[in-house]
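Visitor:
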Amino acid sequence: MSLLSIKQTEDLNNSILNYLKPLISPSVLSNLQSELQISSIKDDNELLVKKWNAILRLQKKVVDLEQKLELSTKQITAKLLNEDSSLTKFYWIPSRLKKTLNNNSVVTSTDIHPKLPFIVNAGSDGTFTIWNYLDLTQPQSTTQAHPKQINDLAISPKPLEFNENSHVLVTASSDLFVKVWDLKTLKLIRTLTGHEHVVSSIVFRNEAQIFTASRDMTIKLWDLKLGWCLKTFKGHSDWVRTIDINETFEFLLSGSNDQSVRLSHGESGTGLGLLLGHNQVVETVKFVPSISNAYLDILNPSTVNNEIYTKLGYKYAVTGGRDDVIRFWLLPVPILRPHNHPLPSSNPQGICIQELIGHKSWIKDLAFHPNGKVLFSCSDDKSIRLWNIETMTCISTLEAHTGFINSISIAPPVWEIGEDKQTKDEQKINENMRTIFISGSTDQTVKVWE
């Protein structure tokens with residue numbers, strides 16, 4: 001059924017015949033005239049050409065308006081973040097696609113080197129690929145690391161003494177193995193064996209120790225130098241999907257298929273807190289950095305002394321999962337004992353203080369901007385959202401992927417050895433920041449944003 005009226009159809013057909021009249025033979029024109037049921041061709045003063053030119057002018061106006069909208073969005077975002085023009089990197093947020101990096105399989109995990117301009121991504125084909133941010137025309141190297149999918153990878157935050165002061169890359173796979181690689185030579189240093197099912201998440205405790213989480217429902221602490229498993233503990237009743245470690249490297253968060261988030265003491269494995277509220281699998285958990293605490297304190301109904309949280313090195317957490325909701329939590333305070341491991345308090349349950357609703361499918365990963373004011377989230381709805389933590393509003397949405405987005409990473413500031421223990425004010429972070437943000441997807445690409 002035509003969307004045009006009878007009169008509009010006749011005018012359009014007449015314009016087409018006027019346009020074609022000098023270009024085709026009389027016999028062809030006559031056949032077309034008969035087919036289009038036009039008894040006589042009337043002069044329309046080149047109406048079709050005029051309409052086409054009008055469309056081109058409209059397209060140019062649309063492009064101009066899009067550019068103005070992008071500029072206005074940046075200005076509004078800057079105002080929402082109280083941007084100081086002198087802190088150009090501190091308040092930088094990605095707004096457009098810089099480069100697409102093509103891979104040969106689904107991108108499952110991403111990371112950015114803590115100092116050097118290297119981007120690393122893992123694939124469902126068991127490979128990891130390294131890219132040089134200064135030249136993204138082709139990958140620097142691709143290594144076949146596992147026979148099955150790599151589920152997570154992590155670069156050591158500092159060089160390792162036992163590895164000739166070179167950084168290492170750790171990969172966790174569905175083949176049940178965790179492998180440690182020299183990031184400079186790409187040689188396999190050692191393979192860690194002990195998990196009885198898929199290994200799904202990695203986090204560094206320090207330069208020489210890591211925690212791993214697995215579908216075997218356990219979390220393991222490993223010594224990378226010796227290759228030994230130092231501790232195994234179990235707190236969840238189902239697959240442990242994701243883990244994160246706090247700023248003092250003493251406490252762990254873990255999210256599971258059992259729909260809970262667990263706060264644990266890393267050294268002993270003692271369960272200290274439980275966050276209940278998600279009604280689906282928990283895909284990602286993060287400790288909220290201390291720089292963000294001031295924004296969340298406004299929402300915090302508790303009167304707990306902040307000095308206790310400062311001593312612990314944590315206060316809030318943020319989580320996301322398959323219920324499409326991002327949740328902020330006030331974490332419980334354990335019972336601290338001199339020269340002993342902490343114990344859970346009488347009320348070990350975390351308090352949900354805020355929910356962020358906007359994504360239309362599973363939340364797969366979360367990341368904090370170094371300024372502590374912006375939270376990044378990615379989802380199976382193929383979008384990345386940027387949230388202003390101070391106002392709890394979405395200030396920007398990035399869309400370019402054609403598949404589910406599995407992983408996002410933002411480059412950490414480049415701190416000198418020992419400098420990260422100092423007070424980080426805005427100017428210091430601005431001086432050390434790198435404006436690199438990436439995302440990896442089932443569409444087999446890594447997107448680099450600027």
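When we follow full-length UniProt numbering, the leftmost residue of the sequence shown carries the number 1, and every step to the right adds one.
Backbone N, C-alpha and C define an ideal beta-carbon position, used for all residues, glycine too.
Small disclaimer: the values here were computed from a predicted structure and weren't measured.
1) According to the neighbour-count rule (16 or more other Cβ atoms, all chains shown, within 10 Å of its Cβ), is arginine 215 buried or exposed?
2) At what residues does the alpha helix (DSSP H) containing valine 446 begin and finish?
3) Taking only three categories from DSSP, how would you classify threonine 232?
4) Alpha carbons only, please: which of Val333, Thr218, Lys225, Pro157 is nearest the one belonging to leucine 188?
5) Within this structure, are the beta carbons of glutamine 444 and asparagine 132 separated by less than 8 Å?
6) Between which residues of its own chain and asparagine 102 is the CB-CB distance below 8 Å, once the five residues before and five after are set aside?
7) Going along the chain, which unbroken runs of the beta strand (DSSP E) with 3 or more residues stay wholly within the segment 220–293?
8) Are the Cβ atoms of valine 282 and valine 318 separated by less than 8 Å?
9) Can you check DSSP and say which residues form a bridge with aspartate 152?
10) Nearest-angstrom Cα distance between glutamine 422 and aspartate 380?
11) Quick one: what does DSSP say leucine 32 is sitting in, helix, strand or coil?
12) In the DSSP assignment, the alpha helix (DSSP H) including lysine 7 goes from what residue to what residue?
13) How long is the line joining the alpha carbons of isoleucine 291 and lysine 61, rounded to whole angstroms?
14) In chain order, what residues of the same chain lie with their CB nearer than 7 Å to the CB of lysine 98, ignoring the 5 residues before and after it?
15) Who are the near neighbours of lysine 42 in its chain, counting only those whose CB is closer than 7 Å to its CB and skipping five residues on each side?
16) Given this structure, state the Cα-to-Cα distance separating isoleucine 24 from threonine 9, to the nearest angstrom.
17) What is the rounded straight-line gap between the Cα of serine 27 and the Cα of serine 34?
18) To the nearest angstrom, how far is it from the Cα of lysine 115 to the Cα of methionine 433?
19) Taking DSSP as the reference, what is the three-state secondary structure of serine 407?
20) Going by CA-CA distance only, name the one from Arg190, Ile210, Asp182, Ser174 that's closest to valine 198.
21) Measure the Cβ-Cβ separation of tryptophan 362 and leucine 275 and say whether it is below 8 Å.
22) Taking a contact to mean a Cβ-Cβ separation below 8 Å, would you say serine 407 touches glycine 372 in this structure?
23) Could you have a look at tyrosine 133 and say whether DSSP puts it in helix, strand or coil?
24) Just list the residues that DSSP pairs tyrosine 309 with in beta bridges.
25) Quick one: Cα of proline 342 to Cα of leucine 398, how far?
26) Does DSSP put valine 62 in a helix, a strand or coil?
27) Going by DSSP in three states, isoleucine 55 sits in which element: helix, strand or coil?
28) Using DSSP with H/G/I as helix, E/B as strand and the rest coil, what is glutamine 427?
29) For valine 178, which option in Lys184, Asp223, Asp425 has the closest C-alpha, if you only look at C-alpha atoms?
30) Who are the near neighbours of glycine 358 in its chain, counting only those whose CB is closer than 7 Å to its CB and skipping five residues on each side?
31) Short check: CB of glycine 266 to CB of arginine 205, under 8 Å?
32) If we ignore side chains and look at the alpha-carbon of each, how far apart do asparagine 121 and leucine 36 end up?
33) I need the straight-line Cα distance from arginine 322 to glutamine 280, nearest angstrom please.
34) Quick check: the Cα distance between serine 5 and leucine 12, rounded to an integer number of angstroms?
35) Give me, in chain order, the residues of the same chain whose beta-carbon lies closer than 6 Å to that of proline 413; leave out the 5 immediate sequence neighbours on both sides.
36) Please classify isoleucine 308 as buried or exposed, where buried requires at least 16 other C-beta atoms within 10 Å of its C-beta.
Guide: Let me spell this out:
1) Counting Cβ neighbours within 10 Å, arginine 215 comes out buried, since at least 16 surround it.
2) Boundaries for valine 446: no alpha helix (DSSP H) harbours it, while the beta strand (DSSP E) harbouring it runs 445–449, taken from the DSSP string.
3) In the three-state reduction of the DSSP assignment, threonine 232 falls in the strand class, which pools E and B.
4) Nearest option by C-alpha distance: Lys225.
5) Asparagine 132 sits away from glutamine 444, with the two beta carbons spaced by 8 Å or more.
6) Around asparagine 102: Gln444, Thr445.
7) List check, beta strand (DSSP E) in window: 228–233, 240–245, 251–256, 260–265, 271–276, 282–287.
8) In this structure, valine 318 does not lie closer than 8 Å to valine 282 by Cβ.
9) According to the DSSP secondary-structure assignment, aspartate 152 is paired through a beta bridge with Ala172.
10) Summary for glutamine 422: the model assigns pLDDT 48, below 50, so the residue's position carries little reliability, and this model does not support an answer.
11) In the structure shown, leucine 32 sits in a helix (DSSP, three-state: H, G or I).
12) Boundaries of the alpha helix (DSSP H) around lysine 7: 6–20.
13) Answer to the nearest angstrom: the Cα atoms are 43 Å apart.
14) So the list reads Val448, Trp449, Glu450, once near-sequence residues are dropped.
15) Hits under 7 Å: Asn14.
16) Taking the straight line joining both Cα atoms gives about 22 Å.
17) Their Cα atoms are separated by approximately 11 Å.
18) In a straight line, the C-alpha of lysine 115 is about 10 Å away from that of methionine 433.
19) Serine 407: strand per DSSP, three-state reduction.
20) Considering only Arg190, Ile210, Asp182, Ser174, the residue with the shortest C-alpha distance to valine 198 is Ser174.
21) Result no, Cβ atoms of tryptophan 362 and leucine 275 do not sit closer than 8 Å.
22) For the pair serine 407 and glycine 372, the CB atoms are not nearer than the 8 Å cut-off.
23) Tyrosine 133: coil per DSSP, three-state reduction.
24) Beta-bridge pairing links tyrosine 309 to no other residue.
25) In this model, proline 342 and leucine 398 are separated by some 42 Å (Cα to Cα).
26) If DSSP states are grouped into helix, strand and coil, valine 62 belongs with the helices.
27) Of the three classes helix, strand and coil, the one that applies to isoleucine 55 here is helix, per DSSP.
28) The answer is helix: DSSP assigns glutamine 427 an H, G or I state.
29) Of Lys184, Asp223, Asp425, the residue nearest in Cα terms is Asp223.
30) Cβ contact annotation for glycine 358 (same chain, cutoff 7 Å, sequence separation greater than five): Arg385, Cys394, in chain order.
31) Contact annotation: glycine 266 and arginine 205 have beta-carbon atoms nearer than 8 Å.
32) Going by the C-alpha atoms only, they are around 57 Å apart.
33) When rounded, the distance between both Cα atoms is 5 Å.
34) Rounded to whole angstroms, serine 5 to leucine 12 spans 10 Å at the Cα level.
35) The beta carbon of proline 413 sits closer than 6 Å to those of Pro370, Ile429, Asn432, Met433, all from its chain and outside the five residues before and after it, given in chain order.
36) By the neighbour-count rule (16 or more Cβ atoms within 10 Å), isoleucine 308 is not buried but exposed.
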